[in-house]
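Number of protein chains: 2
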Amino acid sequence: MLGEIIAIGNELTSGRITNTTSGFAAHHLFEAGFDIYAMHTIGDTPALIGEALNRALGRVDFVLVTGGLGPTDDDLTTEAVSEALNRPTMPNLEILSLIRKHLDSNGDHPPGSLEKLAWLPEGAETLSPKTKMAGYQLIHGGKPIFFLPGIPHQMRTLLIEQVLPRLSTWYKGRQLTSAQRVYKIFGKPESEINNKVKELALSDDVEIGYYPVFPDVHLSMTIRGDNENTTDLLARKNGHLIRDKLGTAIYGQDRETMESVVGGLLLKENKFLSVAESCTGGLINHLLTSIAGSSAYFLGGVISYANSMKTSYLGVNDNLLERYGAVSEKVATAMAQGMRERSGADISISVTGIAGPGGGSDDKPVGTVFIGLANEDKTVVHHFIFSGNRYEIQRLTAQTALDIVRRNLLEINHN
Amino acid sequence: MLGEIIAIGNELTSGRITNTTSGFAAHHLFEAGFDIYAMHTIGDTPALIGEALNRALGRVDFVLVTGGLGPTDDDLTTEAVSEALNRPTMPNLEILSLIRKHLDSNGDHPPGSLEKLAWLPEGAETLSPKTKMAGYQLIHGGKPIFFLPGIPHQMRTLLIEQVLPRLSTWYKGRQLTSAQRVYKIFGKPESEINNKVKELALSDDVEIGYYPVFPDVHLSMTIRGDNENTTDLLARKNGHLIRDKLGTAIYGQDRETMESVVGGLLLKENKFLSVAESCTGGLINHLLTSIAGSSAYFLGGVISYANSMKTSYLGVNDNLLERYGAVSEKVATAMAQGMRERSGADISISVTGIAGPGGGSDDKPVGTVFIGLANEDKTVVHHFIFSGNRYEIQRLTAQTALDIVRRNLLEINHN
Chain A
1 MLGEIIAIGN ELTSGRITNT TSGFAAHHLF EAGFDIYAMH TIGDTPALIG
51 EALNRALGRV DFVLVTGGLG PTDDDLTTEA VSEALNRPTM PNLEILSLIR
101 KHLDSNGDHP PGSLEKLAWL PEGAETLSPK TKMAGYQLIH GGKPIFFLPG
151 IPHQMRTLLI EQVLPRLSTW YKGRQLTSAQ RVYKIFGKPE SEINNKVKEL
201 ALSDDVEIGY YPVFPDVHLS MTIRGDNENT TDLLARKNGH LIRDKLGTAI
251 YGQDRETMES VVGGLLLKEN KFLSVAESCT GGLINHLLTS IAGSSAYFLG
301 GVISYANSMK TSYLGVNDNL LERYGAVSEK VATAMAQGMR ERSGADISIS
351 VTGIAGPGGG SDDKPVGTVF IGLANEDKTV VHHFIFSGNR YEIQRLTAQT
401 ALDIVRRNLL EINHN
Chain B
1 MLGEIIAIGN ELTSGRITNT TSGFAAHHLF EAGFDIYAMH TIGDTPALIG
51 EALNRALGRV DFVLVTGGLG PTDDDLTTEA VSEALNRPTM PNLEILSLIR
101 KHLDSNGDHP PGSLEKLAWL PEGAETLSPK TKMAGYQLIH GGKPIFFLPG
151 IPHQMRTLLI EQVLPRLSTW YKGRQLTSAQ RVYKIFGKPE SEINNKVKEL
201 ALSDDVEIGY YPVFPDVHLS MTIRGDNENT TDLLARKNGH LIRDKLGTAI
251 YGQDRETMES VVGGLLLKEN KFLSVAESCT GGLINHLLTS IAGSSAYFLG
301 GVISYANSMK TSYLGVNDNL LERYGAVSEK VATAMAQGMR ERSGADISIS
351 VTGIAGPGGG SDDKPVGTVF IGLANEDKTV VHHFIFSGNR YEIQRLTAQT
401 ALDIVRRNLL EINHN
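If you read the protein sequences in the order shown, they are chains A and B. Taking my numbering, the leading residue of the first sequence gets 1, the next gets one more, and so forth. Taking my numbering, the leading residue of the second sequence gets 1, the next gets one more, and so forth.
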């Protein structure tokens, strides 16, 4: 079953707002076994909206339209649909009464504009009558069309709770089943992974894709078919082959992130981590604490952006800073050891480097980074020269630091 | 002058990757005075690619195509274009010799696949022959078509350095001029801003838009016209009216961010900041250090995620933690004061709260946050109950903390 997605809004075609909702919808539709033929983004122009909708109805099995359902004058989707499909708008009494109740209790909107939300094309069924979210469904020529608000969290809620179940019921047994695995790899070039995977005798129905998703490479394996048991079995079998071949080069799968994987390993080993950051300025701490429950393995850290903080909070000797500079192996060592001793952590990592764009020299160019790891046995420092802009250097440094913790916990040597 | 953008790739239509490049291109094209009629995202399917390209050429003045230019078998854009526009592919000798040179020095690619990159549709001109980036231009029926790689940073570079200057030369004097201002507001509802702006007597040509861009609201003012001087003048005049009306509710404009604005104010006052974070886990430090040159006003901070770190690094008394709990006004006060004293900063902020999803209670529900600010005069703590998921609570807390610093430096009371 094929669908098209039409996103509407001048804020999208002028690039003021990035359209994230179409991709979200495509992802969930694909996972539910529906394929997307095309996605379109157009302005609040009735003629264009009507044209895009009619073309889609002529070639696919369902259409999802987002945006332009609000109460203001530039929201023109319903008007355009009414015209294009020759379905006059009529008031939905349930919505109208909800709006009037709302207006009675809160007089700050001009009634006319809000009541506009109750006028829907003939035959429309509201998707979520009890909430304040706009959104409706039309069946036209035997094909379902869904109209959702453009506000991302409302669109997401209605897609998951209303559109996907309705669509699966409508096309019951007629959508494909699909199984997908996304393997996440950091620090290995795409071509190296590609060459290894090519050596495998994977099943014919397996589709492999490589996608650089900074700072990672994602390797996706997709299997689509008529039978859920078959696709699941193929996914499991071929997934094993890929994991066996690539081993710990794969740090995680599907929704796992480097920080969630590191968290899981720390929890399993019952170890606590703390992090001393300079050039990454809090990014590593932030990534680690973005995971709910991270207090079970993460103590915290020090952002020693100024040298004075390296001395006072991490006990880095002034002489080391003077003699070797803040960006040096010696200082990275002292930072990791000082962090570990004072915080009482089992493992501490330290990061010192030059994220740029300023601050580089011939000797230590922008991108120079030292990452230290101290545990009960030893302290090891790695030296890197990353390239990219400030954000990229910070993000690569953070991911590398977390990968060093992962490899340490898995007892893999960092290459 | 009107254009269309066509993004190609199965990774986009399956929602595995979010298409951010089309929005980026639309934004820069709009700023340069070009309007986007529609943006399309389609899979690596030659028939669809050709159809989308021909339809666009039939109705707009230029087309931008991204993706599908790589060396692998699923990169089909050039093949599709050659077919659709009836322009056989031929080898570009310059690119071919570059590729052969590269292969001589590095034998890890099968030559056949890389040489594919040198075969372009008849009449194509490469956009950046000296780099390793794919990308070319075709003039077809008097209209320029640009083909760019889908990899975001390559696409962005070629768009800015090659496409925009070429397009402006091609349509010299025929594109509209545009002036746009984006005013950034945090912590005020859209309707309140809307009601205030409505009272203004803005010029007729001014288009106003409101966009919730979490955690901010963006108010955009757009003026388009034939004459650059007129649009600039109108933008300046109406911009003053808006800024006068909204005052310090606007924290920044255009590319400014809360962290860049706070940085600018600190620099102007020659003051140094340090930050003690608990529930935000490093996000505030990270935002501050994402700005190049932040070492001129930012010392660093402590991520006291565990209570033991609040005691040892910030000098928070154990009794306070026991009696009032880590999430309390007393602890926020002690954290801010301890951070300021030990770091030697002029101003320190502290954050302690419950980001969830676990850890809430009847007394202190998820979203409870205390934010403290200590300076030479006093320590003030604000108490908030934010709603949202973990990320949203962390992000709202960080933005609020930075806004508290901004208001302190501007001597505005936090409402």
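Here a beta-carbon is modelled for each residue, glycine too, at the ideal position from N, C-alpha and C.
(1) Does DSSP classify A52 (chain A) as helix, strand or coil?
(2) Residues of the stretch 298-309 of chain A with a CB closer than 8 Å to any CB of chain B: list them in chain order, please.
(3) Please name the residue in B:R100, B:P46, B:G58 whose C-alpha comes closest to that of T77 (chain B).
(4) DSSP state of Q162 (chain A), grouped into three classes?
(5) Going along chain B in order, which residues have a C-beta closer than 9 Å to the C-beta of F24 (chain A)?
(6) Taking the beta carbon of T248 (chain B) as the centre, do at least 16 other beta carbons fall within 10 Å, making it buried, or is it exposed?
(7) Taking Cβ to Cβ, would you say Q275 (chain A) is nearer than 7 Å to I349 (chain A)?
(8) Taking 8 Å as the cut-off, does the stretch 322-335 of chain A touch the stretch 300-314 of chain B (at least 3 CB pairs, one atom from each stretch)?
(9) If we cut at 7 Å on Cβ distances, does Y211 (chain B) have a partner in chain A?
(10) Closest to P215 (chain B) by CA distance: which of B:H28, B:I6, B:E31, B:I393 is it?
(11) If contact means a Cβ-Cβ distance below 7 Å, which residues of the stretch 161-176 of chain A contact chain B?
(12) Compute the Euclidean distance between the alpha carbons of P189 (chain A) and L219 (chain A), then round it to the nearest angstrom.
(13) Leaving aside the five residues before and after Y136 (chain B) along the sequence, list all residues of the same chain whose C-beta is less than 7 Å from its C-beta, in chain order.
(14) Considering Cα atoms alone, identify which of A:F272, A:Q162, A:L159 is closest to S294 (chain A).
(15) Helix, strand or coil: how does DSSP classify S312 (chain A) here?
(16) Report yes if the C-beta distance between I33 (chain A) and L176 (chain A) is below 7 Å; otherwise report no.
(17) Which chain B residues sit within Cβ distance under 7 Å of D11 (chain A)?
(18) Under 7 Å between C-beta atoms, does T41 (chain B) make it to chain A?
(19) Can you give me, in chain order, the residues of the stretch 382-395 of chain A that have a beta carbon less than 9 Å from any beta carbon in chain B?
(20) Could you check where the beta strand (DSSP E) with L373 (chain B) kicks off and where it finishes?
(21) Expressed to the nearest angstrom, what Euclidean distance is found between the alpha-carbon atoms of F426 (chain B) and P144 (chain B)?
(22) Could you tell me which of B:P91, B:L85, B:P365, B:T66 sits nearest to G431 (chain B), measuring between CA atoms?
(23) For chain A, find out if any of its Cβ atoms is closer than 7 Å to the Cβ of P111 (chain B); answer yes or no.
(24) Measuring only between beta-carbons, confirm whether T289 (chain A) sits less than 7 Å from chain B.
(25) Are three or more beta carbon pairs between the stretch 347-361 of chain A and the stretch 396-412 of chain A nearer than 8 Å?
(26) Just to confirm my understanding: we take G50 (chain A), look at its own chain, exclude 5 residues before and 5 after, and list those with CB closer than 7 Å. What are they?
(27) Would the beta-carbon of L93 (chain B) fall within 7 Å of that of A134 (chain B)?
(28) Please report the Cβ distance between I303 (chain A) and N285 (chain B), rounded to the nearest whole angstrom; I am assuming they are in contact, meaning their Cβ atoms lie under 8 Å.
(29) Can you give me the C-alpha to C-alpha distance between V380 (chain A) and L167 (chain B), rounded to a whole angstrom?
(30) When the Cα atoms are used, what is the spatial distance from N238 (chain A) to I250 (chain A)?
(31) Could you have a look at T131 (chain B) and say whether DSSP puts it in helix, strand or coil?
(32) Grouping DSSP H, G and I as helix and E and B as strand, with all else coil, what is Y391 (chain A)?
(33) Could you check the C-alpha separation between K330 (chain B) and T280 (chain B) for me, to the nearest Å?
(34) For F384 (chain B), which residues from the same chain have a beta carbon less than 6 Å from its beta carbon, with the 5 sequence-adjacent residues on both sides left out?
(35) If we cut at 7 Å on Cβ distances, does P215 (chain B) have a partner in chain A?
(36) Determine the closest residue to L96 (chain A) out of A:E4, A:G225, A:T131, A:R156, with distance taken between C-alpha atoms.
Let me lay it out:
(1) A52 (chain A) sits in a helix when the DSSP states are folded into three classes.
(2) If you check each beta-carbon in the stretch 298-309 of chain A against every beta-carbon of chain B, the ones closer than 8 Å belong to F298, L299, G300, G301, V302, I303, S304, Y305, A306, S308, M309.
(3) If you compare the alpha carbons of B:R100, B:P46, B:G58 with that of T77 (chain B), the shortest gap goes to B:P46.
(4) Shown here, Q162 (chain A) sits in a helix according to DSSP, grouped into three states.
(5) Those within 9 Å of F24 (chain A) in chain B are G15, T18.
(6) Answer is exposed; the Cβ neighbour count stays below 16.
(7) The sequence shown places Val at residue 275 (chain A), not Gln. Here V275 (chain A) is near I349 (chain A), since their CB atoms are less than 7 Å apart.
(8) Not touching, per the Cβ criterion.
(9) So yes, Y211 (chain B) belongs to the interface.
(10) Minimum Cα distance to P215 (chain B) is reached at B:I393.
(11) Taking a C-beta cut-off of 7 Å against chain B, none of the residues of the stretch 161-176 of chain A qualify.
(12) About 12 Å.
(13) Shown here for Y136 (chain B): same chain residues with a beta carbon closer than 7 Å to its own, the five before and five after excluded, namely L120, A124, E125, T126, L127, F147 in chain order.
(14) Distances from the CA of S294 (chain A) to each of A:F272, A:Q162, A:L159 were compared; the closest alpha carbon is that of A:F272.
(15) Of the three classes helix, strand and coil, the one that applies to S312 (chain A) here is helix, per DSSP.
(16) It is worth fixing the name first, because residue 33 (chain A) is Gly in this sequence and not Ile. Judged by their CB atoms, G33 (chain A) and L176 (chain A) are nearer to each other than the 7 Å cut-off.
(17) Going by the sequence as given, residue 11 (chain A) is Glu instead of Asp. What E11 (chain A) touches in chain B, judged by beta-carbon distance under 7 Å, is G209, Y211, going in chain order.
(18) By this cut-off, T41 (chain B) is an interface position.
(19) Answer in chain order: G388, N389, R390, Y391, E392, Q394.
(20) Unbroken beta strand (DSSP E) run through L373 (chain B): 368-374.
(21) In the structure as shown, chain B starts at 1 and stops at 415, and residue 426 (chain B) therefore has no counterpart that could be examined.
(22) Within the shown structure, residues of chain B are numbered from 1 to 415, placing residue 431 (chain B) beyond reach of any answer.
(23) A caution first: P111 (chain B) carries a pLDDT of 48, below 50, which makes its placement in the model too unreliable to give a value.
(24) Taking Cβ atoms only, chain B reaches closer than 7 Å to T289 (chain A), which makes this a yes.
(25) Contact between the stretch 347-361 of chain A and the stretch 396-412 of chain A is established, with three or more Cβ pairs separated by less than 8 Å.
(26) Cβ neighbours of G50 (chain A) beyond the five flanking positions: A80, E83, A84.
(27) Their beta carbons are not under 7 Å apart, which means L93 (chain B) does not touch A134 (chain B) by this criterion.
(28) Right, the Cβ-Cβ distance comes to about 4 Å (below 8 Å), so this counts as a contact.
(29) When rounded, the distance between both Cα atoms is 53 Å.
(30) C-alpha separation (whole angstroms): 15 Å.
(31) Here T131 (chain B) sits in coil by DSSP.
(32) Secondary structure of Y391 (chain A) (DSSP, three-state): helix.
(33) Approximately 18 Å, taken between the alpha carbons.
(34) Listed in chain order, the non-local C-beta contacts of F384 (chain B) below 6 Å within the same chain comprise V369, local neighbours out to five positions each way being set aside.
(35) Judged by the 7 Å Cβ criterion, P215 (chain B) is not in contact with chain A.
(36) Per the Cα distances, A:T131.
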